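Asker: Take this structure first; my questions come after.
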Amino acid sequence: MSDLLTISYRSLARLREPTSQLQAILKESRRRNAELGITGILLFDGTYFMQTIEGPLDNSATLFARIVEDGRHDEVVPFGVAKIATRAFPDWTMELIGPEVTADIVPDMEEFDFTDRRLRLVHKAVMNIAA
Ligand SMILES: Cc1cc2nc3c(=O)[nH]c(=O)nc-3n(C[C@H](O)[C@H](O)[C@H](O)COP(=O)(O)O)c2cc1C
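Its first residue numbered 1, the sequence shown is counted upward by one per residue in the UniProt record's numbering.
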């Protein structure tokens, strides 16, 4: 079995036109991820991005390095990097997850935010979505 690598990070969005720029990120991500064998999820709380990418070790690492350099966000901080045996999101070349999805899973979720206090809770909830 070939090695798979999952990388999760939070970053500070630098979007001037959030709606259109988010769609552009998704569109280019899906096209390229399909080529690279990358799957994952992207969340945006209005301030921060949270993303998990997973795929072949080299491709995940190379993609992450490119994402870090992207001017549409900064302060990229990875908080989950691991080799995995199976993908959490095998069917999603890059799925945008909104608050309506996580609200069902995190009971006390009044707010969809990825501040330090909430980050891991939200991420854990999201990882369970696909399970
Ligand atoms: C928050 C965020 C998430 C991104 N996720 C991906 C992704 O999953 N896959 C991808 O190919 N590009 C993603 N990108 C875009 C890359 O940073 C980069 O623009 C894209 O790979 C094209 O790179 P290139 O212009 O060097 O060819 C993301 C960008 C941002 C800001």
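For each residue, glycine too, the CB sits at the ideal point set by N, CA and C. Predicted model, so just to flag it, every value in this text is computed and none were measured.
Can you look up Ile-38 in the DSSP assignment and give me helix, strand or coil?
Answerer: coil
Asker: Please specify which runs of the beta strand (DSSP E), each continuous and at least 3 residues long, are wholly inside the stretch 54-130, giving them in chain order.
Answerer: Entirely contained in the stretch 54-130, the beta strand (DSSP E) runs reaching 3 residues are, in chain order, 73-84 and 95-97.
Asker: By DSSP, does Arg-31 sit in helix, in strand, or in coil?
Answerer: helix
Asker: Taking Glu-75 as the reference, which of Ile-97, Leu-26, Tyr-48 and Lys-83 has the closest Cα?
Answerer: For Glu-75, the closest C-alpha among the options Ile-97, Leu-26, Tyr-48 and Lys-83 is that of Tyr-48.
Asker: Can you give me the C-alpha to C-alpha distance between Asp-113 and Asp-45, rounded to a whole angstrom?
Answerer: If I take the Cα positions, the gap works out to 5 Å.
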